[in-house]
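Asker: To convert a position in the sequence shown, counted from 1, into my numbering, add 215. Even glycine gets a Cβ: it sits at the ideal position worked out from N, Cα and C.
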Amino acid sequence: YTISFSDASGAYITEMYNHATTIDAITPVTVTNREKRTGINASLSIASHITGRLTIEGENPPNASVVAYRKTGDDWQQWSAPASYAQVNPGTGQYDIGGLAAGVYKINGSGGLQGNYSYPYYNSYYGGPTFEAATPITLTVIETRTNINFNLTGAPLYASELSGVVTAKGTPVSGIKVSLYDGGCCSDFPLPSGTPIAPPTATPAPDRSTAVLASQVDKPVTTLATRDTKPIVYVYTDANGHYTIGGLTDSRYLVGFSDPTGGYATTYYADQLSLQMAQLLWLQGDHVILYSGTVISSVNTSLARGGGISGSVHLKDGTPVANVEVDVWLASFPYGVEMITNEHQTDAAGNFTLKGLPVGTYYLCFSDLTGKYQPECYGASVFYLPDSGIPITVQADQITSGINHTLGPKERTFLPIIQQAPGVALK
Numbered sequence: 216y217t218i219s220f221s222d223a224s225g226a227y228i229t230e231m232y233n234h235a236t237t238i239d240a241i242t243p244v245t246v247t248n249r250e251k252r253t254g255i256n257a258s259l260s261i262a263s264h265i266t267g268r269l270t271i272e273g274e275n276p277p278n279a280s281v282v283a284y285r286k287t288g289d290d291w292q293q294w295s296a297p298a299s300y301a302q303v304n305p306g307t308g309q310y311d312i313g314g315l316a317a318g319v320y321k322i323n324g325s326g327g328l329q330g331n332y333s334y335p336y337y338n339s340y341y342g343g344p345t346f347e348a349a350t351p352i353t354l355t356v357i358e359t360r361t362n363i364n365f366n367l368t369g370a371p372l373y374a375s376e377l378s379g380v381v382t383a384k385g386t387p388v389s390g391i392k393v394s395l396y397d398g399g400c401c402s403d404f405p406l407p408s409g410t411p412i413a414p415p416t417a418t419p420a421p422d423r424s425t426a427v428l429a430s431q432v433d434k435p436v437t438t439l440a441t442r443d444t445k446p447i448v449y450v451y452t453d454a455n456g457h458y459t460i461g462g463l464t465d466s467r468y469l470v471g472f473s474d475p476t477g478g479y480a481t482t483y484y485a486d487q488l489s490l491q492m493a494q495l496l497w498l499q500g501d502h503v504i505l506y507s508g509t510v511i512s513s514v515n516t517s518l519a520r521g522g523g524i525s526g527s528v529h530l531k532d533g534t535p536v537a538n539v540e541v542d543v544w545l546a547s548f549p550y551g552v553e554m555i556t557n558e559h560q561t562d563a564a565g566n567f568t569l570k571g572l573p574v575g576t577y578y579l580c581f582s583d584l585t586g587k588y589q590p591e592c593y594g595a596s597v598f599y600l601p602d603s604g605i606p607i608t609v610q611a612d613q614i615t616s617g618i619n620h621t622l623g624p625k626e627r628t629f630l631p632i633i634q635q636a637p638g639v640a641l642k
């Protein structure tokens, strides 16, 4: 094990065991089975601080933060003390970065003017717009450097674009829906130095009102998105299979491709079957940076033919059940089954047809949106356990039909009748 000791308040310098100055230099502590190792002590020293005021376009930002980077040899690393990341006071713009050892630092500031995680989003450094242009700050032992003030300006707004080509067996495919999803706020995606981070806007939950459900019952399933996840924007490929999505900010995105006719299987970049498995992309101008750090100029994909599933949902007496949500679970995922869509409901006759499904094995479950019946899965003996049901095979260019499910109690249950004579108490 490697051990460090840190003070979240910033009053003391983070101490790594045996006085190491970097994580790589920490003396490891080895313990054997059932051993109680003692004497792993540390002596913390009083820390230095950097304080000042951060503004955005001259205003106190409602949401902003500052981070300290320390020079170690020829490299710069974020200082490991928890207090080296400080939230800016929204009322005054003041900040205090504590827990710092003597050394040379650069300070990064970022935030927005419209509340939590909002556009436009600004990112800059004390002394310059990029890390290279930032002004170094030299701290001595137990020093508090004050008045490190800087103002963030000139955030690039909606100047980026994403484009690519969609093909099938080398031939361009027109009319394919290309959906752009928010990449989320909490990934460990490596960010380019000095690049502004644009956090996402929350996607509201889908409207489950009766009127909206009634408008969706005849809608074909073409986009396999996860629960409550909607695309930011979508476009369609032209006659050459080309698409362009412009007016974007530099940020994290996910991309999905679906065929409105259901002929081709929905896929997510790069060749993934669900949005959860899609590769996160970092958009910077007209360039896309992959997780590996590789820079590409376009996001292309090649589609495969898909299939579908059709059937109905009814009660024991044959009465059709409308507006039942059809949950589609794909088998053979690394972690078992995975829900890949729940955006389709049965129509007035209790029927459903799912199109654009990748070739594979599926399980279907049904959720009554009115709450009258418990959720159930096709062929399952328990209420909602997808992989305990009957697997359904989907093949290319075929609709697997006859997937009919009886919802609700399968048997009638009677309670015993207790008769009581007037005036006689039951024992």
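1) When you compare each of Val528, Asn566, Tyr599, Gly521 to Val574 by their alpha carbons, which one comes out closest?
2) Are the Cβ atoms of Ser299 and Ile357 separated by less than 9 Å?
3) With a 10 Å radius around its C-beta and 16 neighbouring C-beta atoms as the bar for buried, classify Ile363 as buried or exposed.
4) Any idea if Ile632 is buried or exposed, counting beta-carbon neighbours within 10 angstroms, 16 or more meaning buried?
5) What does Met554 pair with, by DSSP beta-bridge criteria?
6) Could you tell me the alpha carbon to alpha carbon distance between Leu354 and Gln494, rounded to whole angstroms?
7) Nearest to Phe581 by CA position, among Ala563, Ala257, Leu600, Thr481, is which residue?
8) Between Asp222 and Leu259, which are expected to be in contact by the criterion C-beta below 8 Å, what is the C-beta distance as a whole number of angstroms?
9) Thinking C-alpha only, which one of Gln293, Thr266, Lys286 is nearest Thr307?
10) Over the uninterrupted beta strand (DSSP E) stretch that includes Arg268, give me the two end residues.
11) Whether or not the region 554-565 and the region 538-545 are in contact is what I'm after, with contact meaning three or more pairs of Cβ atoms, one per stretch, closer than 8 Å; do they touch?
12) For Ser394, which beta-bridge partners are listed by DSSP?
13) Among the residues of its own chain, which have a CB less than 6 Å from the CB of Tyr227, if the five just before and after it don't count?
14) Would you mind giving the Cβ-Cβ distance between Ala537 and Gly565, rounded to the nearest angstrom? I have them listed as a contact below 8 Å.
15) In the DSSP assignment, the beta strand (DSSP E) including Leu496 goes from what residue to what residue?
16) With His234 as the anchor, note down where its beta strand (DSSP E) starts and where it stops.
17) One question on the structure: do Thr516 and Ala485 come within less than 9 Å of each other, judged by their Cβ atoms?
18) Among all the DSSP beta bridges, which residues are the ones paired with Ile618?
19) If you measure between the beta carbons of Gly379 and Ser473, is that distance less than 9 Å?
20) Under the DSSP definition of a beta bridge, which residues are partnered with Ala279?
21) Is it true that the CB of His620 sits closer than 9 Å to the CB of Ser525?
22) So what does DSSP say about Ser603, is it helix, strand or coil?
23) With which residues is Leu488 paired in a DSSP beta bridge?
24) Using the three-state DSSP reduction, which class does Ala226 fall into: helix, strand or coil?
25) Whose CA, out of Glu272, Glu376, Val281, Gly327, lies closest to the CA of Ile511?
26) So is Leu439 buried or exposed if we call it buried at 16+ other beta carbons inside 10 Å?
27) Which residue from Val597, Ile618, Tyr468, Lys384 puts its Cα closest to that of Gly456?
28) DSSP three-state call for Asp532: helix, strand or coil?
29) On the DSSP bridge list, what partners appear for Ile511?
30) Using the C-alpha atoms, what's the distance from Tyr593 back to Gln491?
31) Rounded to a whole number of angstroms, what is the C-alpha to C-alpha distance between Gly462 and Ser339?
32) For Leu622, collect the residues of the same chain with a Cβ closer than 8 Å to its Cβ; drop the 5 residues on either side in sequence, then sort them by chain order.
33) Does the region 277-293 come close enough to the region 319-330 that 3 or more CB-CB pairs lie under 8 Å?
34) Buried or exposed: Arg249, going by 16 or more other Cβ atoms within 10 Å of its Cβ?
35) Among Pro624, Ala595, Pro305, Ala480, whose alpha-carbon lies nearest the alpha-carbon of Ile618?
36) Around the C-beta of Asp602, are 16 or more other C-beta atoms found within 10 angstroms, so that it is buried, or is it exposed?
Answerer: Taking the structure as given:
1) Gly521
2) no
3) buried
4) exposed
5) Trp544
6) 41 Å
7) Leu600
8) 7 Å
9) Thr266
10) 263-271
11) yes
12) Tyr449, Gly471
13) Leu259, Ala262
14) 6 Å
15) 496-499
16) Taken as a continuous stretch (DSSP letters only), His234 belongs to no beta strand (DSSP E), as it is neither H nor E.
17) yes
18) Gly526
19) no
20) Gly326
21) no
22) helix
23) The partner list for Leu488 (beta bridge, DSSP) is empty, contrary to what the question assumes.
24) coil
25) Glu376
26) Reliability fails at Leu439, whose pLDDT of 42 lies under 50, so the model's placement of it is uncertain and the value that follows must be treated cautiously. Classification of Leu439: buried, given that the 10 Å Cβ count is 16 or more.
27) Lys384
28) coil
29) Val503
30) 24 Å
31) 22 Å
32) Val528, His529, Leu530, Val536, Val539, Phe581, Asp583, Tyr588, Glu591
33) yes
34) exposed
35) Ala595
36) exposed
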